[in-house]
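J.: There's a structure below that I have some questions on.
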Amino acid sequence: RHGPLLLDFKSRSDANTAIDQGLTIDGTFCRISIYIPRAPQCFRCQDWGHRATECTGEARCGKC
Numbered sequence: 188r189h190g191p192l193l194l195d196f197k198s199r200s201d202a203n204t205a206i207d208q209g210l211t212i213d214g215t216f217c218r219i220s221i222y223i224p225r226a227p228q229c230f231r232c233q234d235w236g237h238r239a240t241e242c243t244g245e246a247r248c249g250k251c
């Protein structure tokens, strides 16, 4: 199976080396990239940057 894996390196230099050279995990070569999280989308007002539990906006349909 293939899929994303989030790794946390103890040092910046180790992380940069992995990004530049990749890693071999259990005999499989893996490309490494920096994780950039996406801004959350509210399922109440459909706006970006917050979640429904924190929403003060007006409820809007997400399908229309």
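My numbering applies: residue 188 is where the sequence shown begins, and numbers increase by one. Where is the CB? At the ideal position from N, CA and C, for every residue including glycine. Since the model is a prediction, treat every value here as computed from it, not as a measurement.
1. Do the region 231-244 and the region 204-223 meet, that is, are 3 or more Cβ pairs less than 8 Å apart?
2. Residue 248: buried (16+ other C-beta within 10 angstroms of its C-beta) or exposed?
3. Find the nearest neighbour of residue 229 within the set 205, 242, 202, judged by alpha-carbon distance.
4. Locate the alpha helix (DSSP H) running through residue 219, then write down its first and last residues.
5. In terms of DSSP beta bridges, what is residue 233 paired with?
6. Nearest-angstrom Cα distance between residue 196 and residue 227?
T.: Walking through what the data contain:
1. no
2. exposed
3. 242
4. Run containing residue 219: none; DSSP gives neither H nor E here.
5. Paired residue(s): none; residue 233 is not in a bridge.
6. 25 Å
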